[in-house]
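Enquirer: Sequential numbering from 1 applies to the sequence shown in our numbering.
Think of the CB as a built atom: it goes at the ideal place given N, C-alpha and C, for glycine as much as any other residue.
The structure presented is a predicted model; accordingly, all values stated were derived computationally and were not measured.
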Amino acid sequence: MAIEDTGFVDRVVIITGAGSGIGRAAALAFARAGAHVLGVGRRQDALDSTAEQHPGIAVLATDISAAEAPDAVVQAAVDRWGGVDVLVNNAGATAMMPLAEATENRINDLFRLNVTAPSLLARAALPHLRRTNGSIINVSSTFGHRPAPHFSHYAATKSALEQLTRSWALELAPDGIRVNAVAPGPTESEALTAAGLPTDLVDQVKKAEAERIPLGRRGEPEEVATWILRLADPAAGWLTGQVLTVDGGLELL
Ligand SMILES: NC(=O)c1ccc[n+]([C@@H]2O[C@H](COP(=O)([O-])OP(=O)(O)OC[C@H]3O[C@@H](n4cnc5c(N)ncnc54)[C@H](OP(=O)(O)O)[C@@H]3O)[C@@H](O)[C@H]2O)c1
């Protein structure tokens with residue numbers, strides 16, 4: 001069945017990190033499937049570039065790590081469309097941080113963005129998801145369940161997100177709320193640049209990743225976004241607590 005045929009018409013979807021990469025691809029895919037999408041991120045210009053591509057996308061520029069942000073994000077969707085059906089916790093950051101160079105601030109920042117903010121967004125969305133029998137999709141990583149030398153704290157944040165996914169799935173099942181995760185492997189996006197890696201190192205990392213991936217290449221954001229939609233689709237109504245790895249076979253090594 002084509003995604004366009006699925007049950008997203010007039011559904012309200014919040015997607016964090018919608019100004020680039022996987023979040024932008026997911027925002028466009030949900031909008032094309034008929035949803036009302038609130039795309040969230042810090043950079044207004046990046047969000048505007050996403051919104052320009054489909055009239056079904058509205059945007060809110062905010063730092064989701066800020067104390068008041070989770071409630072404000074959810075309220076913005078509710079004010080505009082009257083509820084929330086799907087929360088996609090996609091915004092996140094990676095960090096190359098060998099243990100010898102780890103600092104309290106960098107560890108805390110990573111956990112605040114990758115674990116605390118998705119948790120508080122889910123909490124803020126909860127009353128609305130209860131009303132709609134909605135769903136939450138968390139975006140993890142292959143390294144949420146595989147070790148990642150030099151990226152250990154990033155891996156730990158994604159591992160936490162996977163365990164939150166399973167625990168919330170059980171906790172919220174009585175409310176009819178489904179909670180699943182997509183765990184992408186190396187995918188074309190701004191992630192490595194956003195992590196502060198210089199261009200030559202980004203190129204090296206990308207080449208090394210492509211060589212390691214059994215299917216022989218990095219992924220495209222659309223190839224991850226399509227699975228975010230499928231997990232959120234009401235047609236997947238009996239699926240909860242699952243982490244779907246989309247990584248060209250990398251996790252199998
Ligand atoms: N690409 C990969 O290889 C890969 C692999 C595994 C998992 N993932 C995960 O996939 C998700 C999406 O990443 P991506 O690959 O698409 O990378 P990306 O292009 O860097 O996207 C991350 C998005 O998150 C937003 N963001 C970052 N910090 C934020 C904050 N404090 N508040 C609000 N928004 C914030 C960024 O926008 P602003 O800078 O404008 O805020 C950006 O649009 C992340 O959770 C990442 O960990 C990616």
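With a cut-off of 8 Å, does the C-beta of T245 fall near any C-beta of chain D?
Expert: The chain labelled as chain D is not found in the depicted structure, where only one protein chain is given.
Enquirer: Under 7 Å from any heavy atom of ligand 1, does the C-beta of G216 make it?
Expert: Answer for G216: no, Cβ out of range of ligand 1.
Enquirer: In its own chain, which residues sit with a C-beta less than 7 Å from the C-beta of V78, not counting the 5 before and 5 after it?
Expert: Only V84 and H128 meet the Cβ criterion.
Enquirer: Thinking just about the alpha-carbon of each residue, which of T245, Q44, H153 and N105 is nearest to the one in S20?
Expert: It is Q44.
Enquirer: Is it buried or exposed, M1, if we count other Cβ atoms within 10 angstroms and call 16 or more buried?
Expert: Residue confidence for M1 is low, a pLDDT of 43 falling below 50, so the modelled location carries little weight; the figure read from the coordinates is stated next. Counting Cβ neighbours within 10 Å, M1 comes out exposed, since fewer than 16 surround it.
Enquirer: For L231 versus A29, is the C-beta distance shorter than 8 Å?
Expert: No, these two residues do not count as a Cβ contact at 8 Å.
Enquirer: Put G21 into one of helix, strand or coil per three-state DSSP.
Expert: Helix.
Enquirer: S135 lies in the alpha helix (DSSP H); which residues open and close that run?
Expert: It is not in any alpha helix (DSSP H) - S135 instead sits in the beta strand (DSSP E) that spans S135 to V139.
Enquirer: Quick one: does the C-beta of V37 sit closer than 7 Å to a heavy atom of ligand 1?
Expert: No, the Cβ of V37 stays beyond 7 Å of every heavy atom of ligand 1.
Enquirer: For V246, I'd like the list of residues in its chain whose CB is within less than 8 Å of its CB, leaving aside the five on either flank, ordered along the chain.
Expert: Contacts found: V182, A183, P184, G185, G219, E223, V224 and W227.
Enquirer: If we ignore side chains and look at the alpha-carbon of each, how far apart do M97 and A160 end up?
Expert: Looking at the two C-alpha atoms, the distance is approximately 18 Å.
Enquirer: Can the beta-carbon of N133 be found closer than 8 Å to that of P118?
Expert: In this structure, P118 does not lie closer than 8 Å to N133 by Cβ.
Enquirer: I'd like the span of the alpha helix (DSSP H) that includes P184, first residue to last.
Expert: First-last for P184: R178 to P184, but that is the beta strand (DSSP E), not the alpha helix (DSSP H).
Enquirer: So, at 7 Å on beta carbons, what are the nonlocal neighbours of I3 in its own chain, with the 5 sequence-adjacent residues on each side left out?
Expert: Because the pLDDT of I3 is 47, which lies under 50, any placement of that residue in the model is unreliable, and the number read from its coordinates should be weighed accordingly. So the list reads A29, A33, T226 and L229, once near-sequence residues are dropped.
Enquirer: In this structure, what does DSSP give as the bridge partners for G39?
Expert: According to DSSP, which records beta bridges pairwise, G39 is partnered with I15 and V59.
Enquirer: Quick one: give me the first and last residue of the alpha helix (DSSP H) that T116 is part of.
Expert: Taken as a continuous stretch (DSSP letters only), T116 belongs to no alpha helix (DSSP H), as it is neither H nor E.
Enquirer: Do you know offhand how far V202's Cα is from G82's?
Expert: Those two C-alpha atoms are separated by around 42 Å.
Enquirer: If we count the other Cβ atoms within 10 Å of its Cβ and call it buried at 16 or more, is T103 buried or exposed?
Expert: T103 should be labelled exposed.
Enquirer: What did DSSP end up calling V246 once you bin it into helix, strand or coil?
Expert: It is a strand residue.
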